[in-house]
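Protein chains: 4
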Amino acid sequence: MTEAVAMKEIKVAILGASGYTGAELVRLLALHPALKITAMTGDRKAGQPMATVFPHLAGLELPDLVAIDQVDFKAVDAVFCCLPHGTTQEVIAALPQHVKIVDLSADFRLFDVDTYAQWYGHEHRAPALQEQAVYGLTEIARNQVAKARLVANPGCYPTSVQLPLVPLLEQGLILAEDIIIDAKSGVSGAGRSAKEANLFTEVAEGIHAYGVASHRHAPEIEQGLSQAANSPVVVSFTPHLMPMSRGMQSTIYVKTTGANTAASLRAALAARFKAEPFVRVLPEGAVPATRHVRGSNFCLIGLFDDRIKGRVIITSVIDNLVKGASGQALQNMNLMFGLPETLGLEQQPMFP
Amino acid sequence: MTEAVAMKEIKVAILGASGYTGAELVRLLALHPALKITAMTGDRKAGQPMATVFPHLAGLELPDLVAIDQVDFKAVDAVFCCLPHGTTQEVIAALPQHVKIVDLSADFRLFDVDTYAQWYGHEHRAPALQEQAVYGLTEIARNQVAKARLVANPGCYPTSVQLPLVPLLEQGLILAEDIIIDAKSGVSGAGRSAKEANLFTEVAEGIHAYGVASHRHAPEIEQGLSQAANSPVVVSFTPHLMPMSRGMQSTIYVKTTGANTAASLRAALAARFKAEPFVRVLPEGAVPATRHVRGSNFCLIGLFDDRIKGRVIITSVIDNLVKGASGQALQNMNLMFGLPETLGLEQQPMFP
Amino acid sequence: MTEAVAMKEIKVAILGASGYTGAELVRLLALHPALKITAMTGDRKAGQPMATVFPHLAGLELPDLVAIDQVDFKAVDAVFCCLPHGTTQEVIAALPQHVKIVDLSADFRLFDVDTYAQWYGHEHRAPALQEQAVYGLTEIARNQVAKARLVANPGCYPTSVQLPLVPLLEQGLILAEDIIIDAKSGVSGAGRSAKEANLFTEVAEGIHAYGVASHRHAPEIEQGLSQAANSPVVVSFTPHLMPMSRGMQSTIYVKTTGANTAASLRAALAARFKAEPFVRVLPEGAVPATRHVRGSNFCLIGLFDDRIKGRVIITSVIDNLVKGASGQALQNMNLMFGLPETLGLEQQPMFP
Amino acid sequence: MTEAVAMKEIKVAILGASGYTGAELVRLLALHPALKITAMTGDRKAGQPMATVFPHLAGLELPDLVAIDQVDFKAVDAVFCCLPHGTTQEVIAALPQHVKIVDLSADFRLFDVDTYAQWYGHEHRAPALQEQAVYGLTEIARNQVAKARLVANPGCYPTSVQLPLVPLLEQGLILAEDIIIDAKSGVSGAGRSAKEANLFTEVAEGIHAYGVASHRHAPEIEQGLSQAANSPVVVSFTPHLMPMSRGMQSTIYVKTTGANTAASLRAALAARFKAEPFVRVLPEGAVPATRHVRGSNFCLIGLFDDRIKGRVIITSVIDNLVKGASGQALQNMNLMFGLPETLGLEQQPMFP
């Protein structure tokens, strides 16, 4: 049973609402008692009703899609920015100061603008703003998020990896060397643009690795882990494309320090995330599955002793569109407005 | 944005909670402000926590599964019965009079106990109770449902077929003869029992018809259509098994009366369902897709002029586990307790 | 066990080899003892090895893709034309007379150039050649195919529909009126071009109708059925997009003449197709499934008495890329060169 | 183009033909010029035609399924044994001496009977026969296989892992320590028995690990790698269940010796497998995908420098039912009878 009280309405714009993360925000906000969508943009679809672009949302009363320059940002309290990386920095830099922003792109995730330039192929276009941006891995940076004006919402892979690893590194329970991440993602992570590689016929009944040792989420992961380890961390990171629409699993191979085992690591994570509404550390023997988080903001974490002594296998699952994108964005926005963090995120996983 | 007010708690038992419809009820009730699950049964899984049987529900506080005879029905206000057909009649007949019941099995759907015996292979075991049962196609039988103690929740196929056809037959816009229903269902309609035919390997990348001209939903459909047409209707009904977990489409081929066309039929249905929260008649040219109702209680209906003169093609889509089962069950239960019909059913479709 | 004897090599070009039907031809021809691929074209991929465009074919020795005007057609005995409709007519008209052609596009399928113009939106560009073209539904037109220089290879839907219906209409066993075809296709029928509608995320876990009463295969079906019935036939034809890569089922609802039933229709089709290597009429009670023909040139047909008297339900399944395209094309080419019809087509269905 | 000459017929029995590996053998043998299936067993399906158990094979002339004790093994030259582990040892021990055997179960794969007992929970029932068994990883043990009477066909995971790793360990190019294998398999690897965990609804749209650090293929992999390294190897091995029917990828994380890199490892493997018909080492940058080997006996191997210095990522893909089971079994049987190794295995991958 849920309860809700009358709340002051907060006016929200979604920039780039014609993609999957935009649509997912609309789905979640439909059950939110305080945030109200008053503007949505989609440059190539400007002028169209959202119900045309996403017929599954036709049951809602929503503003039509408009071009960004048609939005009156003075009348907006908050912005979810779902634009492609590259264009985002300038758009956000131009927003009025009273607007709070959660940016779902990669544009403000890397603290170091040189690292950004190196991985994204162009200079950072809003370096001053970068300094104010808070990296919004909610469970790790809750206090900073609550005070932030601009939150860089973490990438999906980095979310699934950092949630288990950051506490373990901070507490010195695992080595910072030789961290191997084998990650698997559903296709929705690739967005809605029409590419041959993402056709049903190209993806169904198959798996392959991609971006091996060159995926842009690697520096983001390393940034978080380096901070936690207080020393530079380089990870092995190999994502795979799966024949499913949603869901992400990171299988992480780590070496423990001292006599630590899966049991002690599990205990540490369980203690760390005890009060968290969205992170669950599973008991011994229980195996996380992406289908157990589908459509929800949960992250499930399982830990297993490896056959190789001193090694532990960690599996972490999220819905890439929820905790890996729009759900965490909403969680952060709730925090930024002093609202209960779970508002709009009470939906349970959908299975089967 | 949703609003909820403090409501009197209604204590609910779910009988047969270890199947997919039981789990789906739990998912929906998690967002319900008044109905509270106080007992759940699962004979073969008695003693287990629900989170063991359905790990995706581990985030909820739920009673453990028990055997039916362990439930104190005196402490229960309402029952959702998700037991297999055959066993249900006796179980429900034994419930105390104060308990309101929505039965998701087929056991009370056929008014005529002889027809039941003929299609289900044994005598009806609660014929007296059958006379009190209301067939709960909500949009068609709202008033009776509101007053009922026992509601027979419609089957998934019959729901998707009767919603468009009953009004059209009642208004004499289509002929009662030669109604052809080509239906397609996701695999979850077959339940969770381990059968070779429902293995991933047997279902993926394929389609086939089943129960051709012999499916048990045929007499249920014919009962509703005959009532609407005020004359005996025999339908052609061919279900197909699809490589997807959820979703159901009925493609229905009808002959119109007089000069009626898709346009006039559409107008009639649009008028009939105008105030309905869960039924949407799509505008000309728009095509219903199961992915646009996934996880929601919606039914979308589209109508198209056929190339053969005097014929119209109607497509109707639902989520078989929601409007085709647990969602409609909750919709009915809300009505039976005088609650807003949409409580617990506000979740939007999940796409992709 | 198969046997093969030394055969004279026949040099074959595949025009438009960068699409799925081209790749499928390569797969089939890899096991063909007489046809040898000596040229392959793919305008946008000219200069690339086939193994780059289709890595699954990297095990074969194949010529690189070239532009059409780079092919020396004097050195070629036969052409499979897999180009998009519209461009095909002129390309084929320009081929030297000694070249035999199987055209997999729709460009030569409609005998009547006015009907072509009406459905395809432009005048026919090779009307003289149209008169020589043979419509290559092999089992129906074997003799003409054997003598043809240019064969118009049937569409996938028309193949699955005409194989059962043509003999029944010719023998007067079913009515020519009120034929209703509810067809379901895998996504590969849409080809390899990058369209949002065919993304994995848009197709998986869902079904919808498309081209309702307006699909271009309707006139092709009607042409064949009209010929068989010796009177103009208009059909109801509704295709659906399925979440699978390959496979096609047509569920066909017909009215029988006289006292005919599924049994008499089955007997007639069984007799008609008795000697056919690729068409199997299933015994009473057996249900065709697309997964039972996957990757093969088979067509399976099942017949069932309907609940409505005088009606029969026919289901017909093929692999849309094999019997519905490249397999039938090869079957036809074999015939045109006096080779055993099954050469290169002995591969059994792949299941699961 | 293929060529085949008249060959002496070799009579083959398939024991346990009612499972997926049995059916796959039938599919492959349908194109084999010398091996002829003269008996097939399936205890619970004894008396049934194969076409009833596997309708996709109905186009072939095949003996009906019988019980094992009904087979006249005097009239049989060779046996493919597809029985479940545990029962296999005694069945094979009872076969007449003239019969050559490829056993697809795990029963003779582990040289050390104590290791067998430890992982399979019972004493080995034919320890003498174990000593004669040859572990049939064809490319590694070709000479022994050719002379063997009894070949233990490798497991699917061990095949995909050992093909790249054995040569690298033998040549001292990688370290024997800290080998991490993250493997992904289609559902067909679990066989055809009806288990809740393998239902479509439980597998589709999801991924999870299973048998973490406890899968029975671990000791088999370690046996092969230890032999190659000439020292005891313990691996980290984590299999995952994928929502696809066929296909297997092993992503393997290794440390190189000396200054070795992906390039030098690639060169070594390319040289080692140069003459192999079924193993392809991909050029730099090319990524193996399971869909590129579907239905074929190929193994594709790709190598990539990791971001962590001194590390290389190897991905290896096979079709678990072909190179991972029935295809390799046939490859071995060909060798055992002095036939060309590729007979019956010329079928190209099926894509899409």
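If you read the protein sequences in the order shown, they are chains A, B, C and D. Counted the way numbering that gives the first Met the number 0 counts, the first sequence spans residues 0 to 351. Counted the way numbering that gives the first Met the number 0 counts, the second sequence spans residues 0 to 351. Counted the way numbering that gives the first Met the number 0 counts, the third sequence spans residues 0 to 351. Counted the way numbering that gives the first Met the number 0 counts, the fourth sequence spans residues 0 to 351. Quick reminder that beta carbons are idealized off the backbone N, C-alpha and C, glycines included. Computed from a predicted model, the values in this text were never measured in an experiment.
What are the start and end residues of each continuous alpha helix (DSSP H) run of 4 or more residues lying completely inside the stretch 98-185 of chain D, in chain order? Runs of the alpha helix (DSSP H) lying entirely within the stretch 98-185 of chain D, each at least 4 residues long, are 112-119, 126-131, 137-146, 155-169 in chain order.
Go through the stretch 192-243 of chain A residue by residue and report every complete run of the beta strand (DSSP E) that reaches 3 residues or more, in order. Listed in chain order, they are 235-240.
How would you write the range of the alpha helix (DSSP H) that V321 (chain A) sits in, first residue to last? The residue labelled residue 321 (chain A) in the question sits at position 322 within the first sequence. Element bounds for V321 (chain A): n/a, residue is neither H nor E.
Cβ contact (3+ pairs, closer than 8 Å) linking the stretch 38-52 of chain B and the stretch 8-19 of chain C: No, they do not touch.
Counting only Cβ pairs nearer than 7 Å, list the residues of chain B close to F303 (chain C). For the purposes of this step, residue 303 (chain C) is taken as the residue at position 304 of the third sequence. What F303 (chain C) touches in chain B: V211, A212.
Test: E340 (chain A) CB closer than 8 Å to a CB of chain D: By 1-based counting over the first sequence, the position of residue 340 (chain A) is 341. With 8 Å as the cut-off, E340 (chain A) does not count as an interface residue toward chain D.
Between the CA atoms of W118 (chain D) and L167 (chain D) - distance to the nearest angstrom: Residue mapping note: residue 167 (chain D) aligns to position 168 of the fourth sequence, counting from 1. Residue mapping note: residue 118 (chain D) aligns to position 119 of the fourth sequence, counting from 1. Linking L167 (chain D) to W118 (chain D) through their CA atoms gives a straight-line distance of about 27 Å.
Using three-state DSSP, classify Q248 (chain C) as helix, strand or coil. Within the third sequence, residue 248 (chain C) is the residue found at index 249, counting from 1. Three-state result, Q248 (chain C): strand.
Name the chain B residues that come within less than 9 Å of R191 (chain D), Cβ to Cβ? Stepping through the fourth sequence from its first residue, residue 191 (chain D) is reached at position 192. Ordered by position in chain B, the residues that pass the 9 Å Cβ test against R191 (chain D) are E195, L198, T200, E201.
Counting only beta-carbon separations shorter than 8 Å, does M0 (chain D) have a partner in chain C? On the fourth sequence, position 1 is the one that residue 0 (chain D) refers to. Any reading at M0 (chain D) needs caution, since the residue's pLDDT is 37, under 50, leaving its predicted position unreliable; the model's value is listed next. Yes - at least one Cβ of chain C is within 8 Å of the one on M0 (chain D).
Taking T314 (chain A) as the reference, give the member of A:N296, A:P83, A:A125, A:P287 with the closest Cα. Walking along the first sequence from the start, residue 314 (chain A) turns up at place 315. Sorting A:N296, A:P83, A:A125, A:P287 by C-alpha distance to the C-alpha of T314 (chain A) places A:P287 at the top.
Excluding the five sequence neighbours on either side, which residues of its own chain have a C-beta within less than 6 Å of the C-beta of H84 (chain D), listed in chain order? One-based indexing of the fourth sequence puts residue 84 (chain D) at position 85. Hits under 6 Å: S104, A105, D106.
Same chain only: Cβ atoms within 8 Å of G185 (chain D), ignoring 5 sequence neighbours per side: Here residue 185 (chain D) is taken as the residue at index 186 of the fourth sequence, counted from 1. Counting only Cβ-Cβ distances below 8 Å, and skipping sequence neighbours, we find M241, M243, S244, R245, G246, M247, T289, N319.
Would E130 (chain B) be called buried (16 or more neighbouring beta carbons within 10 Å of its own) or exposed? Reading the second sequence from its first residue, position 131 is the one you call residue 130 (chain B). By the 10 Å Cβ count, E130 (chain B) comes out exposed.
When we look at the beta-carbon of Q96 (chain A) and count the other beta-carbons within 10 Å, is it buried (16 or more) or exposed? Counted from its first residue, the first sequence places residue 96 (chain A) at position 97. Q96 (chain A) sits exposed, since fewer than 16 C-beta atoms from the chains shown fall within 10 Å of its C-beta.
Selection of the stretch 17-29 of chain B by Cβ proximity to chain D, strictly under 8 Å: Hits within the stretch, in order: Y19.
Euclidean distance between Cα positions of L392 (chain D) and F272 (chain D): Since the first and last residues shown for chain D are 0 and 351, residue 392 (chain D) lies out of range.
Of all the CB atoms in chain B, is at least one closer than 8 Å to the CB of Q248 (chain C)? The residue you call residue 248 (chain C) lines up with position 249 of the third sequence. The Cβ of Q248 (chain C) sits closer than 8 Å to at least one Cβ of chain B.
Below 6 Å CB to CB, which residues in the same chain sit around A182 (chain A) once its five sequence neighbours on both sides are set aside? Taking the first sequence and counting its residues from 1, the one referred to as residue 182 (chain A) is at position 183. The answer, listed in chain order, is Y156, P238, S249.
Just grab the DSSP bridge partners of L342 (chain D) for me. Locating residue 342 (chain D) in the fourth sequence gives position 343, where the first residue counts as 1. Checking the DSSP bridge columns, you'll see L342 (chain D) has no partner listed.
Chain C contact residues for V186 (chain A), given Cβ-Cβ distances below 7 Å: Residue numbering aside, residue 186 (chain A) sits at position 187 when the first sequence is read from its first letter. Listed by position along chain C, the residues whose Cβ is nearer than 7 Å to that of V186 (chain A) are F199, T200.
E8 (chain C) (DSSP reduced to helix, strand or coil): Numbered from 1 along the third sequence, position 9 holds the residue referred to as residue 8 (chain C). Secondary structure of E8 (chain C) (DSSP, three-state): coil.
Run of the beta strand (DSSP E) containing F53 (chain B), from where it starts to where it stops: Position 54 of the second sequence, counting from 1, holds the residue named residue 53 (chain B). Careful: F53 (chain B) lies outside any beta strand (DSSP E) and carries neither H nor E.
Using a C-beta to C-beta distance shorter than 8 Å, which residues of chain C count as neighbours of S244 (chain A)? For the purposes of this step, residue 244 (chain A) is taken as residue 245 along the first sequence, with counting starting at 1. Within 8 Å Cβ-Cβ: F199, T200, A203, E204.
Exposed or buried, N197 (chain A), counting other C-beta atoms within 10 Å across all chains shown (16 or more means buried)? Position 198 of the first sequence, counted from the first residue, corresponds to residue 197 (chain A). N197 (chain A) comes out buried.
Would a C-beta distance cut-off of 8 Å place I100 (chain D) and C81 (chain D) closer than the cut-off? Your numbering for residue 100 (chain D) matches position 101 in the fourth sequence. Your numbering for residue 81 (chain D) matches position 82 in the fourth sequence. Not closer than 8 Å, so no.
S315 (chain D) in three-state terms, based on DSSP: Reading the fourth sequence from its first residue, position 316 is the one you call residue 315 (chain D). For S315 (chain D), the three-state secondary structure derived from DSSP is strand.
Short CB-CB distance (under 8 Å) between Y366 (chain D) and chain A: Absent from the structure is residue 366 (chain D), since the part of chain D shown begins at 0 and ends at 351.
Cβ neighbour criterion (16 or more within 10 Å) applied to S365 (chain D): Here chain D has residues from 0 to 351 only, and residue 365 (chain D) is not among them.
Checking contacts by CB at 8 Å: is A3 (chain A) closer than that to chain C? In the first sequence, residue 3 (chain A) corresponds to position 4, counting from 1. Because the pLDDT at A3 (chain A) is just 47, under 50, the model does not fix this residue reliably, and the value given afterwards should be weighed accordingly. Taking 8 Å as the threshold, the shortest C-beta distance from A3 (chain A) to chain C does not fall below it.
Kindly give me the distance between the Cβ atoms of A261 (chain A) and F199 (chain A), rounded to whole angstroms, as I take these residues to be in contact under 8 Å. As a position in the first sequence, residue 261 (chain A) is number 262, starting the count at 1. As a position in the first sequence, residue 199 (chain A) is number 200, starting the count at 1. That belief does not hold up - the Cβ atoms of A261 (chain A) and F199 (chain A) are roughly 38 Å apart, past 8 Å.
How about V234 (chain C) and I220 (chain C): are their beta carbons less than 8 Å apart? Walking along the third sequence from the start, residue 234 (chain C) turns up at place 235. Walking along the third sequence from the start, residue 220 (chain C) turns up at place 221. Their beta carbons are under 8 Å apart, which means V234 (chain C) touches I220 (chain C) by this criterion.
With a cut-off of 8 Å, does the C-beta of Y156 (chain D) fall near any C-beta of chain A? Here residue 156 (chain D) is taken as the residue at index 157 of the fourth sequence, counted from 1. Cβ-Cβ to chain A under 8 Å: no for Y156 (chain D).
Out of B:G58, B:K73, B:A74, B:F53, which one is the CA nearest neighbour of L64 (chain B)? Along the second sequence, one-based indexing puts residue 64 (chain B) at 65. Selected option, being the one with the closest Cα: B:F53.
Euclidean distance between Cα positions of R306 (chain C) and I180 (chain B): Taking the third sequence and counting its residues from 1, one reaches residue 306 (chain C) at position 307. Taking the second sequence and counting its residues from 1, one reaches residue 180 (chain B) at position 181. The straight-line gap from Cα to Cα measures roughly 12 Å.
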